[in-house]
Amino acid sequence: MDSTFVPAVDPPGEPSGDAWWFVFRDRDLLVREATDSAELPTRADAGTGPVAVRWQYLGSLAGRECWSAEAAADAEAPAGMGFRPLRGLYGQVPEPLFALAGRAVQIVEWDRTHQFCGGCGAPTVAVEGERAKRCLRCGLTSYPRLSPAVIVLIRREAAEGPEILLVRGQGFPERFYGLVAGFVEPGESLEEAVRRETVEEVGLTLTDIRYFGSQPWPYPHALMIGFTAAYAGGDLRLEEREVADAGWFTPEHFPQIPPPLSIARRLIDAFVAERPPSLQPQPPSAR
Ligand SMILES: [Zn+2]
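Using this note's numbering, read the sequence shown as starting at 335 and increasing by one per residue.
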């Protein structure tokens, strides 16, 4: 589908009937359910459904209005529809709508929790032309909350070719491993956060830290910023409150790695794709 999204704040008027309507009850999205897919309702589709208590204009997708809306905590889904956790909808709704749902849930949550000023408790009003709320009494302006987090793929040269560090967090399933990651602290650069998290979690130092890409991660409001880095020194020493296990792996011996939805997986896939040709899997005919 055409995925040209033009963000906007000030609504063009009342929501139109064919607008995409991202309704959340808590953090679950209203969808029309099918066997192996889900369909996002329009404003008219959802019209018989739960009454939205607040709604926000997001912009337009391929010329079509997009709105987020908040359903009451006890709202029931209309027949044939259900409220579903967002993450489980990956691959079930078209990619542009899935990405917009991640934007929508954060706007709904921010709007719900900023009806009153965090400074003096007076009611807030929406600021025209900006995604912001201002207190009429003390003037405090609040913007949607974003928490930057870094994630890093660490590589090391070994006899059998390059390998990467994978870590299993406390509470992860037995075979499930990911990458070193953590939230950026106040006053810290992204590169400093990468170095600090790596020392804290696994006791290693890094060199050649390079930006890879980023990804909104609306669970609940992180922005993941991905890096690659090379191992510089140190022996694995695990921060036991967070990390259950860590080790160096070549693709032939990968444990269960993160699903395609995540930037962790994009980092790992890029590493695998960039290995020297001699280490790439050979087609059966060449063996
Ligand atoms: Zn105030």
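Cβ coordinates follow ideal geometry from the N, Cα and C atoms, glycine included.
Where the alpha helix (DSSP H) through residue i begins and ends
i	result
Arg599	Ile597 to Ala607
Gln440	Glu429 to Thr447
beta-carbon residue i near ligand 1 non-hydrogen atom, thresh 7 Å
i	result
Cys400	no
Gly453	yes
Leu474	yes
Ala466	no
Ala456	yes
Arg471	yes
Nearest-angstrom Cα separation, counted from residue j out to residue i
i	j	result
Thr458	Asp445	10 Å
Val514	Arg398	39 Å
Leu613	Leu499	18 Å
Arg366	Asp352	15 Å
Gly393	Trp401	7 Å
Glu491	Ala563	12 Å
Glu464	Val439	18 Å
Pro610	Ile602	15 Å
Leu557	Phe605	22 Å
Glu494	Glu608	15 Å
Val343	Glu576	39 Å
Ala620	Glu586	In this prediction, Ala620 scores a pLDDT of 44, lower than 50, which makes its location untrustworthy; no coordinate-derived value is stated.
Gly567	Ala378	60 Å
Trp582	Leu570	10 Å
Buried or exposed by the 16-neighbour rule on C-beta atoms within 10 Å, applied to residue i
i	result
Cys622	No statement about residue 622 is possible, as the shown extent of the chain runs from 335 to 621 and does not include it.
Val340	exposed
Leu480	exposed
Gln390	buried
Arg437	buried
Ala409	buried
Where the beta strand (DSSP E) through residue i begins and ends
i	result
Thr458	Thr458 to Ala460
Cys469	Lys467 to Cys469
Pro419	Met415 to Pro419
Phe450	Counting along the chain, Phe450 falls outside any beta strand (DSSP E), and DSSP gives it neither H nor E.
Asp579	Val577 to Phe583
Phe588	First-last for Phe588: undefined, no H or E at that position.
Closer than 8 Å to chain C by CB, residue i
i	result
Ala483	This model lacks chain C altogether, as it is built from one protein chain only.
Contact test: residue i Cβ vs ligand 2 heavy atom, cutoff 7 Å
i	result
Arg437	Looking at this structure, you won't find ligand 2 anywhere; what it does contain is ligand 1.
Inset, instruction - List in chain order: all unbroken beta strand (DSSP E) runs of 3+ residues lying wholly within the segment 354-401. - result: 354-359, 362-367 and 386-395
Legend entry - Uninterrupted alpha helix (DSSP H) stretches inside the segment 479-566 (no shorter than 4 residues): 524-536
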